[in-house]
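Written out below as structure tokens is the structure these notes cover.
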Amino acid sequence: DSGVTQTPKHLITATGQRVTLRCSPRSGDLSVYWYQQSLDQGLQFLIQYYNGEERAKGNILERFSAQQFPDLHSELNLSSLELGDSALYFCASSVSGLAGVADTQYFGPGTRLTVL
Amino acid sequence: AQSVTQLGSHVSVSEGALVLLRCNYSSSVPPYLFWYVQYPNQGLQLLLKYTSAATLVKGINGFEAEFKKSETSFHLTKPSAHMSDAAEYFCAVSDRGGATNKLIFGTGTLLAVQP
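See below:
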């Protein structure tokens, strides 16, 4: 158990819908990362938050957004869903998330999103 | 831009045999390097990481990896495979001097262990 929790574990929805994925980081970790794992794209970094502020953006679609709340939990919002958004979405957390620091990122169990 | 290449998407070994999973990175400056393991229906777990102390890094479950700057490689090895090692293994890099310590992953190597 990494200490990172994600809910829900599975999500099945239809095209055009909007969903919210939730992540609670390990106690004491200030940085949260979101990654997408799909068969065709592999594991890709989406976005990082550090202590409530956006730190870095990766290959995140405009239809996707995220935020980190004062209690440090994070939510990833996916809207206008398409079939191609079906994937495993991982949240990870680390202590600092600062550039040039080899923080260990601890991964949650993931949320499997299926868009029908 | 940083990238990492994992040669061999599938590797099969016999129980008790040497495990060798290959990873090469592309970066002008040696990055931080990581190996993660993913068991079926689970998240990723860190096996080991290279941060520029020792070039031979020992990790959990008997795995180790050697950083070779001249070959831009960070191959993962284990002397004797166990059935429980069957999983997918990911090599990843993060930039030492960039704006973020996001991880860039390789495409993964699925390890099968035959009895």
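Protein sequence lines, in the order shown, are assigned to chains W and S.
Going left to right, the first sequence walks through residues 1 to 116 as my numbering numbers them.
Going left to right, the second sequence walks through residues 1001 to 1115 as my numbering numbers them.
For glycine and all other residues, C-beta sits at the position ideal for the given N, C-alpha and C.
Predicted model, so just to flag it, every value in this text is computed and none were measured.
Where the beta strand (DSSP E) containing residue i begins and where it ends
i	result
W:ALA66	64-68
S:THR1077	1073-1078
W:VAL101	Careful: W:VAL101 lies outside any beta strand (DSSP E) and carries neither H nor E.
Among the options, nearest to residue i - alpha-carbon criterion
i	options	result
S:HIS1082	S:GLU1071, S:LEU1033, S:GLU1066, S:SER1014	S:SER1014
S:SER1003	S:ALA1054, S:PRO1079, S:VAL1029, S:TYR1039	S:VAL1029
W:VAL32	W:SER38, W:PRO8, W:PHE45	W:PHE45
W:SER65	W:ASP71, W:VAL95, W:GLN48	W:GLN48
W:CYS91	W:GLN37, W:GLU62, W:THR13, W:GLY28	W:GLN37
S:GLU1066	S:ILE1060, S:GLY1059, S:HIS1075	S:HIS1075
Which of helix, strand or coil DSSP assigns to residue i
i	result
S:SER1094	strand
W:GLY42	strand
W:ASN77	strand
W:ILE12	strand
W:LEU113	strand
S:SER1012	strand
S:ASN1041	coil
S:LEU1007	coil
W:LEU83	helix
W:ILE60	coil
Near-chain S residues of the stretch 64-75 of chain W (beta-carbon distance less than 8 Å), N- to C-terminal order: none
If contact means a Cβ-Cβ distance below 9 Å, which residues of the stretch 1091-1107 of chain S contact chain W? ALA1092, SER1094, ASP1095, ARG1096, GLY1097, GLY1098, ALA1099, THR1100, ASN1101, LYS1102, LEU1103, ILE1104, PHE1105, GLY1106, THR1107
Is it true that the stretch 104-113 of chain W meets the stretch 1004-1011 of chain S, where meeting means three or more beta-carbon pairs spaced less than 8 Å apart? no
Contact residues within the stretch 101-115 of chain W, judged by C-beta distance below 7 Å to chain S: VAL101, ALA102, ASP103, THR104, GLN105, PHE107, GLY108, PRO109, GLY110
Please identify, using Cβ separations under 9 Å, the residues of the stretch 4-28 of chain W that lie next to chain S, in order along the chain. Listed by position, the residues of the stretch 4-28 of chain W near chain S (Cβ gap below 9 Å) are VAL4, GLN6.
Below 9 Å between beta carbons is the criterion; list the residues of the stretch 1049-1063 of chain S that meet it against any residue of chain W, in chain order. Those would be LYS1049, TYR1050, THR1051, SER1052, in chain order.
Give the residues from the stretch 41-64 of chain W that approach chain S closer than 7 Å (Cβ to any Cβ), ordered along the chain. GLY42, LEU43, PHE45, GLN48, ARG55, ALA56, GLY58
Beta carbons nearer than 9 Å to chain W: which residues of the stretch 1035-1046 of chain S have them? TYR1036, GLN1038, ASN1041, GLN1042, GLY1043, LEU1044, GLN1045, LEU1046
Name, going along the chain, the residues of the stretch 1019-1033 of chain S whose beta-carbon falls closer than 7 Å to a beta-carbon of chain W. TYR1032
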